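Numbers in the working numbering are just positions in the sequence shown, counted from 1, shifted up by 18.
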Amino acid sequence: MHRPGYHSDDALRSELQWIRALGEHGVEVPEVVNTGGGALFKRVRMGGVPESRQVDVFEWIEGKHLGELEEQFADDPRSLARIYARVGEIAARIHEQGLAWPRPPGFV
């Protein structure tokens, strides 16, 4: 659930499209769950809240926060180096995908 004015509808739709495209490129991302009507997100109104809110849903990916891993392996520099090498690999895949990906119409 997004705070009001954080993203325009077009910007949120674009972000969710890009997340899907990253997954298709082999980057492990949470799967975007479409609404019952097939949209990427829905605007919802709730009692006591003056404006509608954008709501989107993702599948869960099991994992740990990077900070937790840093604490866990604080005395193991080789493990930390492997973790950060993996982060670098993921960043490179995201970069490669972003360079090659043809943006869909309306992407912002």
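Note that beta-carbon positions come from the ideal geometry of N, C-alpha and C, so glycine has one too.
What you are looking at is a predicted structure, and each value in this text was computed from that prediction instead of being measured.
Where residue i and residue j are concerned, what is the direct C-alpha to C-alpha distance, given to the nearest angstrom?
| i | j | result |
| --- | --- | --- |
| Arg-57 | Gly-65 | Note on residue identity: the sequence assigns Ala, not Arg, to residue 57. Rounded to the nearest angstrom, the two C-alpha atoms are 23 Å apart. |
| Gly-55 | Arg-31 | 15 Å |
| Gln-72 | Ala-39 | 21 Å |
| Leu-171 | Asp-94 | The requested residue 171 is not part of the displayed model; the chain covers only 19 to 126. |
| Ser-70 | Asp-28 | 15 Å |
Suppose contacts are defined by Cβ-Cβ distances below 8 Å. Is residue i in contact with residue j by that definition?
| i | j | result |
| --- | --- | --- |
| Phe-59 | Asp-74 | yes |
| Ile-37 | Val-51 | no |
| Ile-101 | Val-45 | no |
| Gly-115 | His-25 | The sequence shown places Gln at residue 115, not Gly. No, the pair does not count as a contact, with Cβ atoms beyond the cut-off. |
For residue i, verify whether its CB is less than 7 Å away from any heavy atom of the ligand SAH.
| i | result |
| --- | --- |
| His-25 | Judged by which ligands are present, the structure shown has none, so any question about the ligand SAH falls away. |
Sort out for me which residues DSSP pairs residue i with in a bridge.
| i | result |
| --- | --- |
| Arg-61 | Gln-72 |
| Val-50 | Phe-76 |
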